[in-house]
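In the working numbering, the protein residues as written are 98 to 382.
By construction, the Cβ of each residue, glycine as well, lies at the ideal position given by its N, Cα and C atoms.
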Amino acid sequence: MLTKCQHGGCILKLKQEVPTRWNTTYYMMERFKILAPKISSVLLEIPNGPEMVSTAELNDIKDLLHLLQPFEIVTKEVFGQEYITSSKVIPLVYTLENKVGNLEATTEIGQKLQIELKKEIEKRFQKIEFIQLLFIAILIDPRFKTIHFQKPLAKSNVLQKIVNKEIKQMISAENVCVSNSRLNSEENVNDNLVDNNNDIWNYHIKVKYLASSQILESSNSTMEAEVKQYLDLPLININNDVLAVWESYKTVFPHLYVVAQKYLSTVSSSVPSERLFSKAGNLIT
């Protein structure tokens, strides 16, 4: 009967929620709001049919949808699989918090929900800036860098982490490889020289090690300069292709480029992999 009431255009049906997916409740209420006039007409023709929701209850539904819409948008954004999502988590959380705080609930149930939503956002995401995977991803994303960090300690931690751990280890490994190759090539010659010249080349060996340590110190300064130079660049547009931008940065920031490849490729949710398994299951069956 509901289908017959709709003339022309796209025929809509009611949706049922799925307990394990919160957004299905949102879509169920959204579809009910759209079809409410048609549903009311149908119920009038059904003897002993269920009662239609009251005007006040329909206003409650509209208010709830108004409050939950930002969550639905953010959910879709982080569930994407064709673009970078890991670096968007922190900005989206703070954007969501700001949006929900600025909405105006017009019903009593809406006002109560708004209070609970703000409490839950604070409770669940208060330490999000200290999650390594996320704070390095946002720093290495030229659309965001450090502008969304609200906690000074988190901002300091991410800079130390990316310099002292990620890049420093990378450069140290490079220096070890270079030093080992030099040592292997020189030791064969120097061993003979030391034996034949009463250790006259010991001074040379000491100078060589001193030079190696100076190279490492110089590398440390270089990597700090690389991070600073990257952070000093203006932010790019939110719609730009981040991976393509990093390809253009590759020669300028070679060490940061490797870090970007590592952290920006991480997805922020399990949904893409779940979709993959679902498709595989459909193919098998």
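| query | Taking only runs of the alpha helix (DSSP H) that begin and end inside the segment 119-148, which ones reach a length of at least 4 residues, in chain order? | reply | With a minimum length of 4 residues, the continuous alpha helix (DSSP H) runs that stay inside the segment 119-148 are 119-141.
| Per DSSP, what kind of secondary structure is VAL364 in: helix, strand or coil? | Of the three classes helix, strand and coil, the one that applies to VAL364 here is coil, per DSSP.
| said: Along the chain, where does the alpha helix (DSSP H) containing LEU164 start, and where does it finish? | reply: LEU164 -> alpha helix (DSSP H) spans 152-175.
| request: Give me the Cα-Cα distance between LEU231 and MET149, rounded to the nearest whole angstrom. | output: Spanning the two alpha carbons is a distance of roughly 46 Å.
| message | Here's a check: name, in chain order, each residue in its chain whose Cβ is nearer than 6 Å to the Cβ of TYR360, leaving out the five neighbours to either side. | response | Closer than 6 Å at the Cβ level, and outside the excluded window around TYR360, lie ILE233, ALA234, ILE237.
| said: Count Cβ pairs between the segment 190-197 and the segment 218-231 that sit closer than 8 Å; are there 3 or more? | reply: Taking a cut-off of 8 Å for Cβ pairs, the segment 190-197 and the segment 218-231 touch, as three or more such pairs fall below it.
| Expressed to the nearest angstrom, what Euclidean distance is found between the alpha-carbon atoms of VAL349 and VAL171? | Here the alpha carbon of VAL349 sits roughly 34 Å from the alpha carbon of VAL171.
| query | Taking C-beta to C-beta, are PHE241 and ILE187 nearer than 9 Å? | reply | Against a cut-off of 9 Å, the Cβ pair of ILE187 and PHE241 comes out as a contact.
| field | Candidates THR182, LEU111, GLN211, GLU114: closest to ASP157 by CA position | value | Here the closest residue by C-alpha is GLN211.
| request: Determine the burial state of PRO386: buried for a count of at least 16 other Cβ atoms within 10 Å of its Cβ, exposed for fewer. | output: Here the chain covers residues 98 to 382 and nothing more, so residue 386 does not appear.
| query | Excluding the five sequence neighbours on either side, which residues of its own chain have a C-beta within less than 6 Å of the C-beta of GLU169, listed in chain order? | reply | Contacts found: ASN120, TYR123.
| query | If you count every other CB in all the chains shown that lies within 10 Å of the CB of TYR327, and 16 or more means buried, which is it? | reply | Buried: at least 16 other Cβ atoms inside 10 Å.
| said: Rounded to whole angstroms, what is the Cα-Cα separation between HIS352 and ASP329? | reply: Distance between the alpha carbons of HIS352 and ASP329 is about 16 Å.
| said: Using the three-state DSSP reduction, which class does SER349 fall into: helix, strand or coil? | reply: Checking the sequence shown, residue 349 turns out to be Val, not Ser. VAL349 falls in the coil class under three-state DSSP.
| Is ALA322 buried or exposed, if buried means 16 or more other CB atoms sit within 10 Å of its CB? | Classification for ALA322: exposed.
| task | Going by CA-CA distance only, name the one from VAL324, CYS107, ILE136 that's closest to PRO239. | result | The shortest C-alpha to C-alpha distance from PRO239 to any of VAL324, CYS107, ILE136 is the one to VAL324.
| task | Can you grab the Cα-Cα spacing for the pair THR117 / MET125, in whole Å? | result | Approximately 14 Å, taken between the alpha carbons.
| task | Classify LEU164 as buried or exposed, calling it buried when 16 or more other Cβ atoms lie within 10 Å of its own Cβ. | result | If you draw a 10 Å sphere on the C-beta of LEU164, you find 16 or more other C-beta atoms in it, and that means buried.
| said: Please report the straight-line C-alpha distance between PRO144 and THR182, rounded to a whole angstrom. | reply: Distance from the CA of PRO144 to the CA of THR182, rounded to the nearest whole angstrom, comes to 52 Å.
| ILE259 vs LEU332 beta-carbon contact at 9 Å | Using a Cβ distance threshold of 9 Å, ILE259 and LEU332 do not count as a contacting pair.
| field | Rounded separation between LYS209 and LEU141 - CA only | value | Between LYS209 and LEU141, the C-alpha separation is close to 33 Å.
| field | Residues of its chain near ILE383, where Cβ-Cβ distance is below 6 Å and the 5 sequence neighbours each way are ignored | value | A query on residue 383 cannot be resolved here, the shown segment of the chain reaching from 98 to 382 and no further.
| said: Less than 8 Å between C-beta atoms, sequence neighbours within five positions excluded: which residues of the same chain meet that for LEU280? | reply: Because LEU280 sits at a pLDDT of 48, beneath the cut-off of 50, its placement in the model cannot be relied upon, and the following sentence gives the value as read from the coordinates. Cβ neighbours of LEU280 beyond the five flanking positions: none.
| Just how far apart, CA to CA, sit LYS215 and ALA251? | In a straight line, the C-alpha of LYS215 is about 22 Å away from that of ALA251.
| query | Rounded to a whole number of angstroms, what is the C-alpha to C-alpha distance between TYR354 and PHE227? | reply | A direct Cα-to-Cα measurement between TYR354 and PHE227 gives close to 22 Å.
| Near VAL342, which residues of its chain fall below 7 Å by C-beta distance, leaving aside the five closest residues on each side in sequence? | So the qualifying residues of the chain are PRO239, ILE333.
| Endpoints, the alpha helix (DSSP H) within which LEU256 is located | Run containing LEU256: 249-257, per the alpha helix (DSSP H) assignment.
| said: Nearest by alpha-carbon distance to GLU114: which of CYS107, GLU127, ILE108 is it? | reply: Looking at the Cα atoms, GLU127 is the closest of the given residues.
| query | How would you call ALA357, buried or exposed, if buried means at least 16 neighbouring beta carbons within 10 angstroms? | reply | Counting Cβ neighbours within 10 Å, ALA357 comes out buried, since at least 16 surround it.
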